[in-house]
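A.B. asks: Numbered according to my numbering, the sequence shown spans residues 364 to 516. No residue lacks a Cβ here, since even glycine has one placed at the ideal position from N, Cα and C. What you are looking at is a predicted structure, and each value in this text was computed from that prediction instead of being measured.
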Amino acid sequence: MRKWIGFSLLVFLIACNNDVYYKQSYAIPSSGWEYDTPATFEFNVDDLETYFDLILDVDHSIDYVYENTYVKIHTTFPSGEKITDQVSLQLADDLDQWEGKCSGTNCTVSILLQNRVFFKEAGKHIIEIEQFNRVEPLMGINSLELKIVNAEK
Numbered sequence: 364m365r366k367w368i369g370f371s372l373l374v375f376l377i378a379c380n381n382d383v384y385y386k387q388s389y390a391i392p393s394s395g396w397e398y399d400t401p402a403t404f405e406f407n408v409d410d411l412e413t414y415f416d417l418i419l420d421v422d423h424s425i426d427y428v429y430e431n432t433y434v435k436i437h438t439t440f441p442s443g444e445k446i447t448d449q450v451s452l453q454l455a456d457d458l459d460q461w462e463g464k465c466s467g468t469n470c471t472v473s474i475l476l477q478n479r480v481f482f483k484e485a486g487k488h489i490i491e492i493e494q495f496n497r498v499e500p501l502m503g504i505n506s507l508e509l510k511i512v513n514a515e516k
C-alpha cells in the first residue's frame, strides 16, 4: 500500500512540476470501448536530447467493475518500425480502493508508462492504445489522456 501511495505521489509530482511537451485526450464512446477502436495519439518529435516521462491519465466510472484494465500499446516510429507492449493499468489498490482522485461518479488515475526515456528518431510518432480485456465493449472507461513531459533531472 505504501508503495502505491509513493508511486502515486511521484506521478503527481511529475505531472505537476514539468513542462508538457505533448498532451492529448481521447474520449471513449459511451457505448463502450471496442477492440477495433484504439485510442490514437500522433505527435511530432524534434527534441532528441531531452529525457521525457510518458504519463497516461485514465478517467473511469466509480462503477467500473475491475481493479485494472489490460491494454496493448502499439508504438509506430517515423522509420515505420512498430513495437507492441501489453500493459495492465492498475486502477485500484489491493484493498479495492480507487487509485488517483475521485470526484462525484468518476475517478482519474495517472499512470507512469515510461520514465526518463528519450526519442531516437525525429518525426511523427503514433501511439495506439487498444483495450485488451476479456469483454467487449468495455464499459466504464471514459477517456484517456497521454502526456509527455520533461523528466526531472
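Is L417 closer than 8 Å to Q477 when the C-beta atoms are compared?
C.D. replies: Counted from its first residue, the sequence shown places residue 477 at position 114. Counted from its first residue, the sequence shown places residue 417 at position 54. Result yes, Cβ atoms of Q477 and L417 sit closer than 8 Å.
A.B. asks: Within 8 Å, do at least three Cβ pairs link the segment 483 to 495 to the segment 400 to 414?
C.D. replies: Yes, the segment 400 to 414 touches the segment 483 to 495.
A.B. asks: Contact check, V323 vs E462 under 8 Å by CB: the rounded distance?
C.D. replies: Nothing in the structure corresponds to residue 323, since the chain is present only between 364 and 516.
A.B. asks: List the endpoints of the continuous beta strand (DSSP E) containing L452.
C.D. replies: Your numbering for residue 452 matches position 89 in the sequence shown. L452 -> beta strand (DSSP E) spans K445 to Q453.
A.B. asks: Does the Cβ-Cβ distance between K510 and V383 come in under 8 Å?
C.D. replies: Residue numbering aside, residue 510 sits at position 147 when the sequence shown is read from its first letter. Residue numbering aside, residue 383 sits at position 20 when the sequence shown is read from its first letter. Against a cut-off of 8 Å, the Cβ pair of V383 and K510 comes out as a contact.
A.B. asks: Hey, how far is the Cα of N431 from the Cα of L452?
C.D. replies: The residue given as residue 431 occupies position 68 in the sequence shown. The residue given as residue 452 occupies position 89 in the sequence shown. N431 and L452: Cα-Cα distance of roughly 5 Å.
A.B. asks: List the DSSP bridge partners of K464.
C.D. replies: The residue given as residue 464 occupies position 101 in the sequence shown. Note: K464 sits in a beta bridge opposite T471.
A.B. asks: So, at 6 Å on beta carbons, what are the nonlocal neighbours of S486 in its own chain, with the 5 sequence-adjacent residues on each side left out?
C.D. replies: To locate residue 486, count along the sequence shown from 1; it is residue 123. For the sequence presented, residue 486 should be read as Gly rather than Ser. Excluding sequence neighbours, G486 sits near P441.
A.B. asks: Between E397 and E499, which are expected to be in contact by the criterion C-beta below 8 Å, what is the C-beta distance as a whole number of angstroms?
C.D. replies: As a working mapping, residue 397 is identified with position 34 in the sequence shown. As a working mapping, residue 499 is identified with position 136 in the sequence shown. Their Cβ separation, rounded to whole angstroms, is 6 Å, which keeps E397 and E499 in contact under 8 Å.
A.B. asks: Over the uninterrupted beta strand (DSSP E) stretch that includes L419, give me the two end residues.
C.D. replies: Locating residue 419 in the sequence shown gives position 56, counting from the first residue. First-last of the beta strand (DSSP E) with L419: F415 to S424.
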